[in-house]
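Undergrad:
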Amino acid sequence: MKRDSLFEVVRTGLAIGLALLIGFIVTVLVSKSPLEAFKYFLTGPFTSTRRLGAFIEAAVPLTFTGLAVSLVFSAGQFNIGAEGQFFIGAVAATFAGIRLDLPPFIHALVALIFGAVAGSVAGFVPGYLKSRWNASELVSSLMLNYVFLKLGMYVITYHLRDINVGALVSLPLKETSWLPQFLPPTRLHAGIVVLVLCVIFCHWFLFRTGWGYEIRMTGLNLNFARYSGIPVTSVILYSQVLSGAVAGLGGAVEMLGIYRRFQWLASPGYGFDGVIIAILARNNPLLVPVGAIFLAYLRVGADVMAMYSDVTSEMVSVIQAVIILLVTAQAFLSGYRHRLVLREVKRHESAS
Amino acid sequence: MKVLLEAVFSPTFAASILRVTTPILFATLGAVVADLAGVVNIALEGMMLVSAFTGVAVSAFTGSAWIGLICGVAVASALGLLLGYFHLKLRTNIILAGIALNLLATEGTVFLLYIVAHDKGVSSSLASKVIPDWQIPIIKDIPVLGAMVGKQNALTYLSLLAVGVVYLFLYKTPLGLRLRAVGENPDAADSVGISVHKVQFIALAISGALAGMGGAHLSMGYVSWFSRNMTSGRGFIALAAEALGRRHPVGGFIASLFFGLADALSNYMQSLRVPGEFVQMIPYLLTLFALAVYSGRQMKTRRSFK
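Same order as they appear, the protein sequences are chains D and X. In this text, residue positions in the first sequence follow our numbering: the first is 521, and each later residue adds one. In this text, residue positions in the second sequence follow our numbering: the first is 237, and each later residue adds one.
(1) Quickly, what does DSSP pair Lys387 of chain X with across the bridge? List them, please.
(2) By the criterion of Cβ-Cβ separation under 7 Å, what are the contact partners of Ser531 of chain X in chain D?
(3) Between Arg327 of chain X and chain D, is any beta-carbon pair separated by less than 9 Å?
(4) Taking DSSP as the reference, what is the three-state secondary structure of His723 of chain D?
(5) Taking a contact to mean a Cβ-Cβ separation below 9 Å, would you say Leu662 of chain D touches Leu521 of chain X in this structure?
(6) Short of 6 Å in beta carbon distance, which residues of its chain neighbour Arg414 of chain X, apart from the five on each side in sequence? Order them along the chain.
(7) Does chain X have any CB closer than 9 Å to the CB of Arg859 of chain D?
(8) Strictly under 9 Å for the Cβ-Cβ distance: is Met825 of chain D near chain X by that measure?
(9) Between X:His323, X:Val366, X:Thr290, which lies nearest to Ala851 of chain D when the distance is taken from Cα to Cα?
(10) Taking all protein chains shown into account, do 16 or more other C-beta atoms lie within 10 angstroms of the C-beta of Phe525 of chain X, making it buried, or fewer, making it exposed?
(11) For the alpha helix (DSSP H) holding Thr753 of chain D, just list the boundary residues, first then last.
(12) Considering only C-alpha positions, which residue in the set X:Ala447, X:Val380, X:Leu446, X:Tyr393 is nearest to Pro247 of chain X?
(13) Pull the bridge partners of Gln701 of chain D from the DSSP assignment, please.
(14) To which residues does DSSP link Ser463 of chain X through a beta bridge?
(15) At 7 Å on the CB atoms, spell out the chain X contacts of Gln840 of chain D, in chain order.
(16) Helix, strand or coil for Arg327 of chain X, going by three-state DSSP, please let me know.
(17) Would you mind giving the Cβ-Cβ distance between Leu587 of chain D and Val795 of chain D, rounded to the nearest angstrom? I have them listed as a contact below 8 Å.
(18) Between which residues of its own chain and Ile278 of chain X is the CB-CB distance below 6 Å, once the five residues before and five after are set aside?
(19) Drop a sphere of 10 angstroms on the beta-carbon of Phe541 of chain X, count the other beta-carbons inside from all chains shown, and report buried for 16 or more, exposed for fewer.
(20) Locate the alpha helix (DSSP H) running through Pro624 of chain D, then write down its first and last residues.
(21) Inspect the CB distances between the region 487-500 of chain X and the region 645-664 of chain D and report whether three or more fall short of 8 Å.
(22) Sort D:Val550, D:Ala798, D:Tyr828 by Cα distance to Gly811 of chain D and report the nearest one.
(23) Restricting to Cα atoms, I'd like to know which of X:Ala452, X:Glu513, X:Met466, X:Tyr458 is closest to Val294 of chain X.
(24) Quick check: what's the CA-CA separation for Leu454 of chain X versus Thr729 of chain D?
(25) Can you find a CB in chain D that lies within less than 9 Å of the CB of Lys356 of chain X?
(26) For the region 756-764 of chain D and the region 629-649 of chain D, state whether three or more C-beta atom pairs, one from each stretch, are separated by less than 8 Å.
(27) Hey, is the region 694-713 of chain D in contact with the region 721-740 of chain D, meaning 3+ C-beta pairs nearer than 8 Å?
(28) Distance check for Arg570 of chain D and Tyr530 of chain X, CA to CA, integer angstroms please.
(29) Can you give the Cα-Cα distance for Ala528 of chain X and Lys408 of chain X, rounded to whole angstroms?
(30) Looking at the secondary structure, which residues open and close the alpha helix (DSSP H) in which Asp271 of chain X lies?
(31) What is the DSSP secondary structure of Ser300 of chain X, counted as helix, strand or coil?
(32) Which residues mark the beginning and the end of the alpha helix (DSSP H) in which Asp423 of chain X is found?
(33) Using the rule of at least 16 other Cβ atoms within 10 Å of the residue's Cβ for burial, across every protein chain shown, is Ile608 of chain D buried or exposed?
(34) Just the C-alpha distance for Leu526 of chain D and Thr848 of chain D, rounded to the nearest angstrom, thanks.
(35) Straight-line CA distance for Gly304 of chain X to Ala425 of chain X?
(36) Determine, using beta-carbon pairs with one atom in the region 309-324 of chain X and one in the region 464-472 of chain X, whether at least three such pairs fall under 8 Å.
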């Protein structure tokens, strides 16, 4: 077990190193001063308190979607609907934040619950279609991402829009629904507490409860799980509902913590980032924040680089793609793994 | 309502269905070829996008839309080989590899767009070329039919032709037979001396090339520019159309027409007072509905066999 996790650490580290190297080569190809640009990329997140804050802030929504994707991937379900669930969760929280009238703390709590419920409904649809009719959750969740984006924009445009503002934004959220911010000039907010609780809950659920065990067994081998009496159809359903709730909660936290009005015109893309994070974290909830912080670091670094050099922030997509490809490539470094196993066997032999 | 009905039953509406079906149809054929070989190509979306971009960029620099098309198709096909390399040689899960390539294509094209056009949104500053419209000599003079299919983009005709070509390839050639054998049972195919990996590489390359044709139509036929993420899910819709069309080129063609209809309808309904968001949802909701119905039917058949 120890050898396996050491191997995974080495492999992930090497994949990240190779990805950064390829990112650097791309930078050299397009930039007039590549060294400087890459320096901004790597050190950018640490150059000011504001940026350090932005870097941690950015990790919050990423952790939520990373957790959501980890849950469904653990069950072997390729539901990549976290994108739409996150978005509709934010819209639902906006609705609650504008339309409801409640005392301070309770208002925020209710708005968060609105987000989680909206997200779980969004997760329910592909889960139900899969468990009932065996419809590919991959295709249906991809379709639903577009549906929920449009539905969310409809609610904002036709029911919550502030017509006194030129841009397409919602009415301001009531102050009672805000998650308090601390440590200015950063925008760190109380949502981080919700996040920590959520990480702990997901880990407990996945590794300490019977339901979590059923999810992991279904993910490892669906047929084996079915033959050993695990109700796989309901596992397929509740893993996706729970995952949707986590993603929706993330959308709500992001909205109430960072923004004062709903102002997205397109989906912010955290859902697919969640896939990268789940892969880096090997679907382990406790490792998800680490993966999220790493991705947030790349993102903020890329933004700083785009600001001060001639390289645009999209360069980082090359790095992300290489990381996914190499980390999930089972044959990557398998020779090295083989040698590790061999060495251990020989040591045991000579000892006995 | 009357306006809508009149519009829907006009020959120009039928022509517009064929136009919006073209990219979906190419991608659906790509999905069929890959899936029959046992390799799910979820990177169709990214391949279309990369080809759409390459086509515009190359045609702007060479002044020839056809060279742009060829380069776009070649790059998309190369992306198919890359997907094959990671899946077959490095044993990456093909769905995750597909997601990675889609992410790379979505942002990578914006990255390159900024380099060649100094704009992160559209390529309108590039003098890119378009694939011309073709007229069919006799058919174009027949009253109704002429307005429907007499004058269309060259790629639209090619997409219809591709349905037949892909059908003949899959069902009437030795390589097509081998491809289906590999998808049906790779071990059995291997035991009779078929190189499974080689066939799957070829399938992914063809799949990428077909998706590339669809992508090129978007930026050089449907409109005359490249804009970020302009495929907007057509590659994924193609996956649904392929499932709906029972993994068959002709079935896929009919399913693509169905999605083209939904797409064209949503363009028309925008002129009525329906909120645009709902109209834009139609193709995706229909896809979802069709997927559920199809999967349900398939499951019933499987049960009745038991």
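All C-beta atoms, glycine included, are put in the ideal place defined by N, C-alpha and C.
TA: In terms of the structure at hand:
(1) Position 151 of the second sequence, counted from the start, is the residue given in the question as residue 387 of chain X. In DSSP, Lys387 of chain X forms a bridge with X:Gln371.
(2) As a first step, residue 531 of chain X is located in the second sequence; it is residue number 295 there, counting from the start. Under the 7 Å cutoff, chain D gives Trp653, Asn654, Ala655.
(3) Position 91 of the second sequence, counted from the start, is the residue given in the question as residue 327 of chain X. Yes, Arg327 of chain X counts as interfacial toward chain D.
(4) If you number the first sequence from 1, residue 723 of chain D lands on position 203. Helix.
(5) Walking along the first sequence from the start, residue 662 of chain D turns up at place 142. Walking along the second sequence from the start, residue 521 of chain X turns up at place 285. No; because the gap between Cβ atoms is not below 9 Å, this pair is not in contact.
(6) Locating residue 414 of chain X in the second sequence gives position 178, where the first residue counts as 1. Excluding positions up to five away in sequence, the list reads Ile430, Val435.
(7) Within the first sequence, the letter at position 339 stands for residue 859 of chain D. It does not; no Cβ of chain X falls within 9 Å.
(8) Mapped onto the first sequence, residue 825 of chain D falls at position 305. No, Met825 of chain D lies away from the interface with chain X (no Cβ there is under 9 Å from its Cβ).
(9) Taking the first residue of the first sequence as position 1, residue 851 of chain D is located at position 331. When only C-alpha atoms are compared, the closest one is X:His323.
(10) Within the second sequence, numbered from 1, the residue matching residue 525 of chain X stands at position 289. Its Cβ having fewer than 16 others within 10 Å, Phe525 of chain X is exposed.
(11) Stepping through the first sequence from its first residue, residue 753 of chain D is reached at position 233. 752-778 is the extent of the alpha helix (DSSP H) around Thr753 of chain D.
(12) Within the second sequence, residue 247 of chain X is the residue found at index 11, counting from 1. When only C-alpha atoms are compared, the closest one is X:Val380.
(13) Locating residue 701 of chain D in the first sequence gives position 181, where the first residue counts as 1. DSSP lists D:His709 as partners of Gln701 of chain D.
(14) Working through the second sequence from its first residue, we reach residue 463 of chain X at position 227. In DSSP, Ser463 of chain X forms a bridge with X:Val358.
(15) Translated into the one-based positions of the first sequence, residue 840 of chain D becomes position 320. Within chain X, the residues near Gln840 of chain D are Leu339.
(16) Position 91 of the second sequence, counted from the start, is the residue given in the question as residue 327 of chain X. Here Arg327 of chain X sits in coil by DSSP.
(17) As a first step, residue 587 of chain D must be located in the first sequence, where it is residue number 67. As a first step, residue 795 of chain D must be located in the first sequence, where it is residue number 275. Not quite, the Cβ-Cβ distance comes to about 12 Å (not below 8 Å), so this is no contact.
(18) Here residue 278 of chain X refers to the residue found at position 42 when the second sequence is read from its first residue. So the qualifying residues of the chain are Ile331, Gly334.
(19) Here the question's residue 541 of chain X lines up with position 305 in the second sequence. The predicted position of Phe541 of chain X is uncertain, since its pLDDT is 48 and thus under 50; a value taken from the coordinates is nonetheless stated next. Per the 10 Å Cβ criterion, exposed.
(20) Translated into the one-based positions of the first sequence, residue 624 of chain D becomes position 104. Run containing Pro624 of chain D: 624-653, per the alpha helix (DSSP H) assignment.
(21) no
(22) Position 291 of the first sequence, counted from the start, is the residue given in the question as residue 811 of chain D. If we check each option's Cα against that of Gly811 of chain D, D:Ala798 comes out closest.
(23) Locating residue 294 of chain X in the second sequence gives position 58, where the first residue counts as 1. The candidate whose alpha carbon is nearest that of Val294 of chain X is X:Ala452.
(24) Sequence index remark: in the second sequence, residue 454 of chain X carries index 218 (1-based). Sequence index remark: in the first sequence, residue 729 of chain D carries index 209 (1-based). Distance between the alpha carbons of Leu454 of chain X and Thr729 of chain D is about 50 Å.
(25) By 1-based counting over the second sequence, the position of residue 356 of chain X is 120. Chain D contact via Cβ: present.
(26) yes
(27) no
(28) On the second sequence, residue 530 of chain X is found 294 positions in, with the first residue counted as 1. On the first sequence, residue 570 of chain D is found 50 positions in, with the first residue counted as 1. Whole-angstrom Cα-Cα distance: 52 Å.
(29) In the second sequence, the residue the question calls residue 528 of chain X occupies position 292. In the second sequence, the residue the question calls residue 408 of chain X occupies position 172. For Ala528 of chain X and Lys408 of chain X, the distance between alpha carbons rounds to 32 Å.
(30) Counting from one through the second sequence, the residue named residue 271 of chain X turns up at place 35. Unbroken alpha helix (DSSP H) run through Asp271 of chain X: 247-272.
(31) Mapped onto the second sequence, residue 300 of chain X falls at position 64. Coil at Ser300 of chain X, not helix or strand.
(32) Numbered from its first residue, the second sequence carries residue 423 of chain X at position 187. Counting along the chain, the alpha helix (DSSP H) containing Asp423 of chain X begins and ends at 422-427.
(33) As a position in the first sequence, residue 608 of chain D is number 88, starting the count at 1. It is buried - the Cβ of Ile608 of chain D has at least 16 other Cβ atoms within 10 Å.
(34) Translated into the one-based positions of the first sequence, residue 526 of chain D becomes position 6. Translated into the one-based positions of the first sequence, residue 848 of chain D becomes position 328. For Leu526 of chain D and Thr848 of chain D, the distance between alpha carbons rounds to 16 Å.
(35) In the second sequence, the residue the question calls residue 304 of chain X occupies position 68. In the second sequence, the residue the question calls residue 425 of chain X occupies position 189. Straight-line Cα distance between these residues: approximately 38 Å.
(36) no
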